[in-house]
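Here this note's numbering is used: position 143 in the sequence shown is 161, and no number is missing along the way.
Ideal placement from N, C-alpha and C gives every residue a C-beta, glycine not left out.
The structure displayed is predicted, hence computed values, not measured ones.
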Amino acid sequence: MVAKHIYSILEQHRITFDIDQCSISQGIQQKPEHAQGVEAFIQQINTFVSHKTPLAFLVVGFPFKSKNIEKKVISTSADMAERKSLEYLNTIFQDISRIYEPGAHITIFCDGTFFGEFFDVTDDEISTYEATLKKLSQDLAYITLITTQDMSHMILYNVDLKNAQKTMRNIVDSYPPNNDDFITSIEYNLPETLKQRILLEFDYQEGKKIIQKKSVKDIAVKLMARQSRMRKFLDEIFSHNSIYGNHIRLTLHFSKYIDKKFGIRLSPDSCITPYHGTLVEEKNNKWSIKFKKDIDTNKYQQTSKIINGIPCAYFKAI
């Protein structure tokens with residue numbers, strides 16, 4: 019069965035444990051979890067296969083680069099970490115297309131516009147990051163990036179980018195729940211991991227000044243509430259009768275129930291997403307993504323390559 023063969027390819031790249039917790043508590047071994055909802059997920063694939071149409075996948079992510087250049091990243095620009103991660107994704111869907119003639123494609127919806135305000139990232143910084151990602155991915159045939167500007171052109175008219183970003187946030191915020199309702203809803207459950215990730219994100223000189231003026235709990239609640247609203251918005255935008263059509267949903271985080279969202283890796287064995295870390299390349303060309311603070315500069319040196327006109331910084335074994 020073709021759908022099962024396609025699933026077997028994806029399963030090789032499934033996130034099998036909580037990588038968010040792993041990135042914070044490095045060194046702690048986590049036991050891989052078996053996926054639930056496998057048959058339902060295979061049926062989602064088979065919906066495309068039975069109609070002999072190209073497989074369409076959607077993942078939300080690549081919002082903006084961390085501002086923590088002291089401990090996490092080389093700079094606030096997309097670099098080799100993003101490029102290698104995009105290459106990794108591209109190869110997965112290239113492999114599927116080799117065994118399924120109609121092909122497979124992944125759409126990445128960049129969600130930074132909706133979350134930048136919580137991390138002191140401006141709309142202009144997000145637009146620059148998205149534009150750089152577009153250039154880095156322009157030669158990767160199995161990937162399409164949808165930015166705020168792209169989506170605004172589809173659902174808004176005569177709105178410049180600056181207004182489009184604000185308008186898109188207002189559209190998402192028109193969906194339930196509002197922040198107050200979210201706090202009291204059964205959906206509200208503030209994960210300790212999220213609070214730790216927020217604290218780590220602001221763990222640099224200027225960030226510490228910012229976080230002193232904000233409540234970590236307040237940031238987390240508002241962030242989760244907007245995530246909930248955005249899920250409802252995306253469910254409409256990427257449905258059968260929508261402008262973008264039906265997509266199989268992926269996530270860049272762990273998901274036990276893959277029929278809801280399938281957790282897809284961005285690297286062979288790293289727990290850190292490219293926009294939160296730094297790429298490290300070994301002498302045998304194997305690579306991983308680490309926090310900059312964990313890179314031994316006696317063994318690795320910073321270097322850079324130009325890809326599609328973009329300087330991509332990373333660390334390479336000496």
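Identity of the residue in the options nearest residue i by Cα
i: Gln54; options: Asp312, Tyr318, Pro81, Asp277; result: Asp277
i: Glu57; options: Tyr25, Ala74, Leu73; result: Tyr25
i: His123; options: Glu29, Cys289, His265; result: His265
i: Ala99; options: Thr291, Ile336, Ser233; result: Thr291
i: Cys289; options: Leu28, Gln47, Leu241, Met19; result: Gln47
i: Glu148; options: Asp97, Asn108, Pro194; result: Asp97
i: Trp305; options: Phe35, Leu151, Arg101, Val139; result: Arg101
i: Glu51; options: Ile117, Arg32, Gln112, Arg283; result: Arg32
i: Gly121; options: Ala74, Leu158, Asp141; result: Ala74
i: Gln112; options: Ser155, Thr125, Ala159, Phe82; result: Ala159
i: Lys274; options: Phe59, Ile27, His23, Met19; result: Phe59
i: Ala21; options: Asn316, Ser115, Ser257; result: Ser115
i: Leu208; options: Ile228, Ile87, Lys226, Asp236; result: Asp236
i: Thr211; options: Cys40, Gly263, Leu163; result: Cys40
For residue i, the three-state DSSP class (helix, strand or coil)
i: Val139; result: coil
i: Arg283; result: coil
i: Pro329; result: strand
i: Thr162; result: strand
i: Tyr147; result: helix
i: Lys226; result: helix
i: Pro292; result: helix
i: Val91; result: coil
i: Ile37; result: helix
i: Ser192; result: coil
i: Ser233; result: coil
i: Asn64; result: helix
i: Tyr106; result: helix
i: Lys213; result: helix
i: Gln167; result: helix
Chain-order list of residues whose beta-carbon lies under 8 Å from that of residue i (same chain, five-residue window excluded)
i: Gln214; result: Ile42
i: Met169; result: Phe127, Met186, Ile255
i: Ser203; result: Pro195
i: Ile117; result: Val20, His23, Ile24, Ile27
i: Asp268; result: In the sequence on display, residue 268 carries Leu and not Asp. Same-chain partners within the cutoff: Phe75, Leu76, Val77, Ile124, Lys279, Phe280, Gly281, Ile282.
i: Lys317; result: Ala335, Ile336
DSSP bridge partner residues for residue i (one or two, in chain order)
i: Gly79; result: Cys128
i: Val298; result: Ser306, Phe333
i: Thr321; result: Tyr332
i: Ala339; result: Within the shown structure, residues of the chain are numbered from 19 to 336, placing residue 339 beyond reach of any answer.
i: Arg9; result: Limits of the chain in this structure are 19 at one end and 336 at the other, which puts residue 9 out of reach.
i: Arg32; result: Ile282
i: Phe275; result: Strictly speaking, residue 275 in this sequence is Tyr, with Phe absent from that position. Paired residues: Gln54.
Neighbourhood of residue i by C-beta distance below 7 Å, restricted to the same chain and skipping five residues each side
i: Val234; result: Lys213, Ile216, Leu217
i: Lys89; result: Asp221, Tyr222, Phe309, Lys310, Lys311
i: Ile201; result: Val239
i: Ala182; result: Thr166, Gln167, Ser170, Leu174
i: Tyr193; result: Arg247, Lys250, Phe251
i: Leu284; result: Ser103, Tyr106, Leu107, Leu270, Thr291, Pro292
i: Ser95; result: Lys83, Thr150
i: Asn64; result: Ala21
i: Ile161; result: Leu104, Leu107, Asn108, Ile124, Ile126, Ser155
i: Ile325; result: Arg101, Leu154
Contact check, residue i vs residue j, beta carbons under 9 Å
i: Phe133; j: Leu241; result: yes
i: Lys153; j: Gly327; result: yes
i: Glu224; j: Phe137; result: no
i: Ile37; j: Phe280; result: no
i: Val190; j: Arg244; result: yes
i: Asp129; j: Val91; result: no
i: Thr125; j: Ile144; result: no
i: Asp141; j: Lys184; result: yes
Contacting residues, own chain, Cβ-Cβ under 6 Å from residue i (five flanking each side not counted)
i: Gln320; result: Phe333
i: Glu300; result: Ala335
i: Val139; result: Phe82
i: Ala331; result: Ile92, Asp97, Ser322
Distance cut-off 8 Å: residue i Cβ against heavy atoms of the ligand FAD
i: Ala74; result: What this structure holds is no ligand at all, so the ligand FAD is not there to describe.
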